[in-house]
Amino acid sequence: MKEELLKKFEEIYGSSEGAKVYFAPGRVNLIGEHTDYNGGHVLPCALTIGTYVVVKKRTDKKLRFYSMNYPECGMTEGALGDLKYRRSNGWTNYPIGILWTYQKKGYRIPNGFDLLIYGDIPSGAGLGTSASIGVALGLMIREMFGFEDITNVDIALFGQYAENEFHGINCGIMDQFASAMGKKDHAIFLDTSDLRYEYAPIDISEYALVIINSHKARGAFDAKYNERRYECERALAQLQSIAAIQSLGELTPECYEQIKEVIAEPVLVRRAAHAVYENQRTMDAIEALKRADAVRFGKLMTESHNSLRDNYEVSGKELDVLVEEALKVPGVLGSRMTGGGFGGCTVSLMRREALEMFTIEVGKNYTERTGYYADFYNVEVGDGARAL
Ligand code: GLA
37 MKEELLKKFE
47 EIYGSSEGAK
57 VYFAPGRVNL
67 IGEHTDYNGG
77 HVLPCALTIG
87 TYVVVKKRTD
97 KKLRFYSMNY
107 PECGMTEGAL
117 GDLKYRRSNG
127 WTNYPIGILW
137 TYQKKGYRIP
147 NGFDLLIYGD
157 IPSGAGLGTS
167 ASIGVALGLM
177 IREMFGFEDI
187 TNVDIALFGQ
197 YAENEFHGIN
207 CGIMDQFASA
217 MGKKDHAIFL
227 DTSDLRYEYA
237 PIDISEYALV
247 IINSHKARGA
257 FDAKYNERRY
267 ECERALAQLQ
277 SIAAIQSLGE
287 LTPECYEQIK
297 EVIAEPVLVR
307 RAAHAVYENQ
317 RTMDAIEALK
327 RADAVRFGKL
337 MTESHNSLRD
347 NYEVSGKELD
357 VLVEEALKVP
367 GVLGSRMTGG
377 GFGGCTVSLM
387 RREALEMFTI
397 EVGKNYTERT
407 GYYADFYNVE
417 VGDGARAL
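At the far end of the sequence shown sits residue 424, using this note's numbering, and the numbering has no gaps.
Written out as structure tokens, the structure is:
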């Protein structure tokens with residue numbers, strides 16, 4: 037891959053001498069959905085697919101961009117002195133947003149660069165594409181300009197800052213954290229209230245974890261995502277009138293049941309219930325993982341899906357059909373939508389021998405019931421962002 041990328045870089049910019057290559061992965065979240073902006077826990081893993089960047093420092097302040105995913109855009113130019121969000125910038129808002137973030141955080145970027153980018157995450161699948169772009173660029177800038185005080189956790193935080201403040205998407209830290217801090221064959225159990233984390237080995241010799249791409253586009257995702265976040269904030273504000281809490285993640289389910297009647301709107305009661313119970317499920321899931329209790333883990337995954345469908349209302353017909361059909365296959369232990377929702381992917385846990393029937397049956401029945409075609413990917417858990 038590296039050779040191919042360098043060759044392309046040379047074709048676009050004339051020479052690849054001195055160019056460097058970096059990679060940051062996408063992610064799949066096993067459980068703990070819509071908890072990361074509520075001070076709860078998440079359990080994602082980094083994938084082996086992601087975003088590659090090739091870069092070469094320039095002596096002037098010019099920026100040049102080329103994406104192998106959007107060859108029709110050709111090579112475009114920008115300038116270090118003009119780091120503004122513009123619709124017309126298209127994908128180059130990502131590198132511009134990360135440069136802008138570095139400047140906001142007090143780092144001086146002395147030179148421009150020539151950049152080539154390539155991503156192999158299926159587009160629109162909700163597997164952390166934009167986070168992987170942000171993290172790859174954050175790593176690239178740290179390395180290129182020798183900002184040694186910046187840790188990989190900072191790179192994740194910079195990526196989130198750019199999404200929140202530059203792109204206007206109020207995402208949590210999960211995707212960027214998984215991309216920057218991932219570890220091969222491990223899931224990351226992360227407490228988003230203080231960013232403490234631990235790695236948990238995933239031994240899937242007897243089991244398989246399979247992602248299914250529903251190919252259902254995540255229409256108006258950003259607006260709906262921001263709306264859910266706002267609903268949680270409103271629920272929290274009402275709970276704070278009687279409880280001394282900073283986030284929904286601080287509440288146990290028992291505690292929540294005792295105080296929930298203070299929330300006036302029924303829809304907010306359901307949103308907050310999801311955040312609280314999902315956080316508990318994630319803490320239960322890491323315990324199940326440590327005990328190698330795949331059956332319990334699978335049950336928690338399915339309960340998570342049910343809550344995302346009924347309480348949080350971020351699933352949809354296609355994702356629900358994929359989960360329903362998955363659970364009909366003997367040997368499947370659990371299944372759920374993964375990521376922000378409203379389309380995108382599901383993830384399912386099964387005994388290895390179920391794999392063949394799973395692919396055939398779920399694929400066939402999904403198309404019959406929805407008219408969409410499903411793609412199946414065996415989860416391969418890879419390392420976090422790195423130089424290649
Ligand atoms: C998106 C966001 C994450 C997280 C998930 C839902 O992927 O980027 O921060 O909130 O949705 O769990």
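For every residue, glycine included, the Cβ atom is placed at its ideal position computed from N, Cα and C.
**OP:** Could you please give me the residues that DSSP links to S52 through a beta bridge?
**Re:** Paired residues: none, contrary to the question.
Subject >> Residues that D356 bridges to, as DSSP identifies them >> reply: For D356, which the question treats as bridged, DSSP gives no partner whatsoever.
Original post:
Are E339 and R317 touching if we call contact CB-CB under 8 angstroms?
Top reply: yes
Subject >> Beta carbon nearer than 5 angstroms to a non-hydrogen atom of the ligand GLA >> reply: E69, H70, D72, C207, G208, M210, D211, G375 and G376
Subject >> Cα-Cα separation between E323 and H222, rounded to whole angstroms >> reply: 14 angstroms
Subject >> Among F225, T112 and R254, nearest to E354 - alpha-carbon criterion >> reply: R254
Original post:
Name the DSSP beta bridge partners of A82, please?
Top reply: Partner(s): R63.
Original post:
Straight-line CA distance for A308 to A271?
Top reply: 6 angstroms
Original post:
Taking D258 as the reference, which of S124, T395, P61 and G379 has the closest Cα?
Top reply: G379
**OP:** Go to R264, then tell me how far its alpha helix (DSSP H) extends in each direction, as first and last residue.
**Re:** F257 to L275
Subject >> 8 angstroms Cβ cutoff met for K98 and A115 >> reply: yes
**OP:** Give the C-beta separation of D320 and L336 to the nearest angstrom, bearing in mind that I take them to be a contact with Cβ-Cβ under 8 angstroms.
**Re:** Under the criterion of beta carbons closer than 8 angstroms, D320 and L336 qualify as touching, at roughly 6 angstroms.
Original post:
Would the beta-carbon of L287 fall within 8 angstroms of that of V312?
Top reply: yes
Original post:
Do F477 and A172 have their CB atoms nearer than 8 angstroms?
Top reply: Here the chain has residues from 37 to 424 only, and residue 477 is not among them.
Subject >> Counted within 10 angstroms of its Cβ, other Cβ atoms place S425 as buried (16 or more) or exposed >> reply: Summary: the structure shown does not reach residue 425, with the chain confined to residues 37 through 424, and so no result is reported for it.
Subject >> For D190, three-class secondary structure by DSSP >> reply: helix
Original post:
Looking at C-alpha atoms only, which residue of G162, V368 and E179 is the closest neighbour of F394?
Top reply: V368
Original post:
V90: which of D227, D329 and G155 sits nearest, CA to CA?
Top reply: G155
Subject >> Beta-carbon spacing of A423, K56 below 8 angstroms >> reply: yes
**OP:** With a floor of 4 residues, list each alpha helix (DSSP H) that falls wholly inside the segment 185–256, ordered by position along the chain.
**Re:** The qualifying runs are 188–197 and 210–217.
Subject >> As assigned by DSSP and simplified to three states, the class of E69 >> reply: The answer is coil: DSSP assigns E69 none of H, G, I, E or B.
Original post:
When the distance is taken between beta carbons, is N129 closer than 8 angstroms to Y121?
Top reply: yes
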